[in-house]
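Numbering (our numbering), first residue to last: 468 to 899.
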Ligand code: CMC
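Given below as structure tokens:
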């Protein structure tokens, strides 16, 4: 039985009252602080997938899953996507405030100062097999960067942390493009510091040393917007991983590499490529959308509609709302006629009117439309999750920094309810 009163929650179990303080956030969400539950009462909580557990207090990103709202440091995602640039949003997330014009110029200059990789890192890219997945290369190269900047490892040293956040932001597009160039056997392209962040990335991805590469401003802006939309999403799987790794005081590079591996999975950032694989399969199978909706509803079939559903959003994912219109606009402006967009629209229409999806509040998420746009911009499917990682990087770093600066932080170390054998006698191998 639960009873709440101002700033406290009392639970009665076996005629005993357990009273806990409650914490109310700036948007009214209430957390029951059970930090002393085990110490005082020798009991723990069990919460699969941490669906009911706040692991920290955070001032970075606000998500309201019921109303479909997303804000970075108080600013609506719709405004940032329409008006800001990706480096500006990265600065906002990491430093807490929007930069002034001068601060932004300084930040961009700092980023330009670190776009090159240490030449010795090139041997590492060469060592991967030709078909290596770029996400594997990305996380390996990020972890490897820690070996080049060992004197910046101290998480308590503000200057080291600042330098590391700049280095990671500046170098990740270079790493990503090297991973791609390696996979197609083309020469690695060095960054061009006269270009803005997204244009430079496009140049390193699609340029060649033997001919000029013209930046399409529509493509560059579309990429910038996509990166902004991915930049943070509070305590998701990869961000929680970054925080957990960092809670042991592991350095920023190692913590971010951990987050990248978590992002790779198809239930998280890997969903954007899984969506394209699914749409292609439906297309090649004659475009029978009903058949795939039925498969997704069949509990004996492991198939799920990729790009649908979200742990937090029980209404439209606002990023998907922005991207739906944006996808149609970008495809039109680029003159791309992609049959997969029609299948995506049909699938969405079916799913939104079907009881199964309506009852479970399964709406398209960010990954449903982002893949369509990445594809129209010319990115190969295997790079989609890498793009998500470049976008999410400032969020990971902001969250890591907040965790390190929070005096309440302790090493992340969940408990378990042990469900195995009780003590038993060992028998020697020849007696078994
Ligand atoms: N297709 C069919 N059924 C679904 C789907 C789906 N995509 N997603 C959830 N369900 C069903 C699920 O079977 C369950 O049904 P029931 O109550 O009958 O057992 C119910 O909806 C609740 O699902 P859940 O798995 O308990 O929800 P969750 O919060 O644990 O998982 C999710 C969230 C995003 C992992 C899940 O919806 C999913 O697997 N979606 C497809 C993968 C995807 O698009 N991931 C990207 C997430 S958004 C961006 C990001 O994080 O990277």
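Even glycine gets a Cβ: it sits at the ideal position worked out from N, Cα and C.
| query | result |
| --- | --- |
| Residue 775: CB within 7 Å of a non-hydrogen atom of the ligand NAP | The ligand NAP is absent from the structure shown, which contains only the ligand CMC. |
| N- and C-terminal bounds of the alpha helix (DSSP H) containing residue 609 | 601-615 |
| Any non-hydrogen atom of the ligand CMC within 7 Å of residue 480 CB | no |
| Own chain residues within Cβ distance below 7 Å of residue 672, not counting five before or after | 644, 647 |
| Cβ pair residue 865, residue 560 closer than 8 Å | yes |
| Alpha carbon of residue 712 to alpha carbon of residue 679, nearest angstrom | 42 Å |
| Chain C within 8 Å of residue 792, Cβ atoms only | Looking for chain C here will not work: only one protein chain is present. |
| Simplified DSSP assignment, three categories, for residue 751 | helix |
| Residue 544 versus 501, 593, 786, 768, residue with shortest Cα-Cα distance | 786 |
| Rounded distance between the beta-carbons of residue 722 and residue 867, thought under 8 Å | 5 Å |
| 8 Å Cβ shell around residue 605 - same chain, five flanking residues per side excluded | 639, 642, 643, 646, 727, 853, 856 |
| Selected residue, minimal CA-CA separation from residue 649, among 885, 600, 524, 666 | 600 |
| Residue 815 burial status per 10 Å Cβ neighbour count (16 or more: buried) | buried |
| Proximal residues to residue 789 (C-beta, below 6 Å), its chain only, five neighbours per side dropped | 548 |
| Whole-angstrom distance between residue 705 and residue 733, CA atom to CA atom | 12 Å |
| CB of residue 554 within 8 Å of CB of residue 536, strictly | no |
| Cβ-heavy atom distance, residue 710 to the ligand CMC, below 7 Å | no |
| Under the three-state DSSP convention, the category residue 735 falls into | coil |
| Collapsed DSSP secondary structure at residue 484 in the structure displayed | strand |
| Proximity test, residue 832 beta-carbon vs the ligand CMC heavy atom, cut-off 7 Å | yes |
| Where residue 641 falls: helix, strand or coil (DSSP) | helix |
| Contact under 8 Å by Cβ, residue 838 with residue 743 | yes |
| Whole beta strand (DSSP E) elements within the region 488-534, 3-residue minimum | 497-499, 528-531 |
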